[in-house]
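Here is the structure we will look at, set down as structure tokens.
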Amino acid sequence: MMKPNMHYADLKDSYLFRRIARKTDAYLERHPGTHLYRLGIGDVTLPLPDAVIRALHEAVEDQADPARFHGYMPECGAPFLRETIAAHYRKRGIGLKDSEVFVSSGASDELGDILDLFDRSCSALVIEPAYPAYVDANVMAGREIIHLPAGPWNGFLPEPCEEAKADILYICSPNNPTGAVFSWEQLGRWVDFANRNGSVILFDAAYEAFIEEDALPRSIFEIEGAETCAIEICSLSKTAGFTGTRLGYTVIPEALVREGMRLHDMWVRNRTTKTNGISYILQKGGAAVFTDEGQAQVRANIRRYKANAQTLMRALDHCGIRYYGGKNAPYIWLQCPDGMGSWAFFDYLLEKIQVVGTPGEGFGSCGEGFFRFSTFGSAEDTEEAARRLEKLLK
Ligand code: PLP
19 MMKPNMHYAD
29 LKDSYLFRRI
39 ARKTDAYLER
49 HPGTHLYRLG
59 IGDVTLPLPD
69 AVIRALHEAV
79 EDQADPARFH
89 GYMPECGAPF
99 LRETIAAHYR
109 KRGIGLKDSE
119 VFVSSGASDE
129 LGDILDLFDR
139 SCSALVIEPA
149 YPAYVDANVM
159 AGREIIHLPA
169 GPWNGFLPEP
179 CEEAKADILY
189 ICSPNNPTGA
199 VFSWEQLGRW
209 VDFANRNGSV
219 ILFDAAYEAF
229 IEEDALPRSI
239 FEIEGAETCA
249 IEICSLSKTA
259 GFTGTRLGYT
269 VIPEALVREG
279 MRLHDMWVRN
289 RTTKTNGISY
299 ILQKGGAAVF
309 TDEGQAQVRA
319 NIRRYKANAQ
329 TLMRALDHCG
339 IRYYGGKNAP
349 YIWLQCPDGM
359 GSWAFFDYLL
369 EKIQVVGTPG
379 EGFGSCGEGF
389 FRFSTFGSAE
399 DTEEAARRLE
409 KLLK
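Residue numbering for the sequence shown follows our numbering, starting at 19 and increasing by one per position.
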């Protein structure tokens with residue numbers, strides 16, 4: 019009899035967003051035709067930048083021309099895109115080799131796949147509240163998970179400590195869901211901690227493009243010593259609207275070595291075995307993100323999401339509700355009013371004002387009592403949601 023991976027039985031019964039979908043579907047069944055103001059799932063609503071669309075079209079035309087046609091792409095990424103991304107890092111003062119950049123089909127895929135580099139016996143530290151995939155991917159592998167709670171007492175940015183000693187350290191900055199961003203000094207302490215203990219940091223930089231304060235690090239590789247202890251996982255999903263198009267990249271420095279094994283070389287071996295590269299068309303579209311025109315268009319889109327953040331933050335200020343994030347991240351993390359639990363607050367907003375957010379409890383038990391708003395909705399919906407929130411909670 020085939021023995022299935024029984025660790026799947028240890029997963030929590032329902033993924034956060036499925037439970038939200040079930041609740042909203044049930045509401046719509048009871049109130050057909052009602053418009054819901056969806057500030058829940060972190061999916062973008064603005065289309066891809068023009069520069070990207072143009073590049074995608076051109077790449078499709080290439081595929082129609084025998085002289086310009088591309089078959090299989092190199093497994094670790096097209097040289098033109100690896101070079102473009104490495105140059106983008108260099109502009110920010112981070113010296114990377116092109117070969118240290120791996121093109122991926124997105125951060126989620128990569129966050130799961132990268133665990134192939136680690137022995138099953140490795141423990142994983144998850145700073146909570148956290149993006150749920152960190153925990154679930156390690157539960158599936160049967161790893162020991164250390165949950166390090168964060169909260170208002172440390173601004174949702176915990177310091178390394180004895181209990182945080184683990185082989186794999188997940189750090190997400192800007193954070194989903196709290197919007198908190200680690201400072202240079204704080205990240206420096208995590209890098210020292212990882213180097214001292216032989217741990218590896220998996221740095222999730224999916225939201226780096228939302229950082230507007232120059233005094234905050236956008237990449238772990240801005241921190242001295244990170245090249246010997248960190249892998250950075252990035253995505254064009256939130257930066258450039260690629261959630262449905264799928265493209266990301268991962269940086270693994272050649273200097274990252276554990277027990278004589280170079281993780282960079284292991285990843286080359288992994289990709290060349292398990293993938294046949296990312297579509298030529300998508301990689302051409304991705305390269306357009308890094309042109310001057312692409313960057314200007316990306317920034318314009320991010321400004322529109324930031325305007326949504328301002329709208330929501332103003333409403334929360336008027337209601338006297340305490341919140342975090344919003345400034346350097348597309349998420350606002352608020353304390354549920356009157357000591358309400360996060361699912362109770364979810365139901366309250368849905369029933370009373372048809373606003374859908376994400377209950378904090380879904381990001382780990384220390385998220386209970388908190389609630390996340392995404393700023394990726396349309397300006398109209400966000401403004402109406404803010405009006406309704408003010409009317410209900412002021
Ligand atoms: N990492 C974090 C923190 C996220 O919030 C998300 C998506 O919401 C991802 C990774 C996944 O991004 P991608 O669309 O590139 O898979």
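Quick reminder that beta carbons are idealized off the backbone N, C-alpha and C, glycines included. As the structure is a computational prediction, the values presented were derived from the model and not from experiment.
Judged by their CB atoms, residue 395 and residue 346 are not nearer to each other than the 8 Å cut-off. 353 is the residue among 353, 305, 273 whose C-alpha sits nearest the C-alpha of residue 379. Residue state for residue 209 is assigned as helix, using DSSP reduced to three classes. For residue 117, no alpha helix (DSSP H) segment is defined, and its DSSP state is neither H nor E. Per DSSP, residue 165 is one residue of the beta strand (DSSP E) stretching across 163 to 167. With a cutoff of 8 Å on beta-carbon distance, residue 174 and residue 342 are scored as near each other. Residues 387 of the same chain have their beta carbon placed closer than 8 Å to that of residue 357, with the five preceding and five following residues left out of the count.
For the ligand PLP, no non-hydrogen atom lies closer than 7 Å to the CB of residue 293.
Taken through DSSP and simplified to helix, strand or coil, residue 174 comes out as coil. By DSSP's assignment, residue 310 forms no beta bridge with any residue.
Per DSSP, the unbroken alpha helix (DSSP H) holding residue 98 starts and ends at 97 to 109. Residue pairing by DSSP puts residue 146 in a beta bridge opposite 167. Within the model, the alpha-carbon separation for residue 165 versus residue 144 is close to 5 Å.
Contact between residue 160 and residue 350 does not hold, since their C-beta atoms are separated by about 35 Å, which reaches or exceeds 8 Å.
Of the other Cβ atoms in all chains shown, fewer than 16 fall within 10 Å of the Cβ of residue 97; this residue is therefore exposed. Assignment of residue 377 by DSSP, reduced to helix, strand and coil, places it in the strand class.
For the pair residue 57 and residue 220, the Cα-to-Cα distance works out to about 28 Å. Residue range 248 to 253 is occupied by the beta strand (DSSP E) that includes residue 253. Under the three-state reduction of DSSP output, residue 392 falls in the strand class. Per the coordinates, the alpha-carbon of residue 336 lies some 14 Å from the alpha-carbon of residue 401. In the structure shown, residue 316 adopts helical secondary structure according to DSSP, grouped into three states. In the assembly as shown, residue 179 is an exposed residue. Its beta-carbon has fewer than 16 other beta-carbons within 10 Å. Look at residue 353 here: in three-state DSSP terms it is strand.
Under the 8 Å Cβ criterion, the segment 68 to 80 does not count as touching the segment 243 to 250, having fewer than three qualifying pairs.
Taking 8 Å as the cut-off, the Cβ atoms of residue 294 and residue 128 do not count as close.
Among the bridge pairs identified by DSSP, residue 190 is matched with 222.
Judged by the Cβ position, residue 126 qualifies as a neighbour of the ligand PLP at the 7 Å threshold, a heavy atom of the ligand being closer than this.
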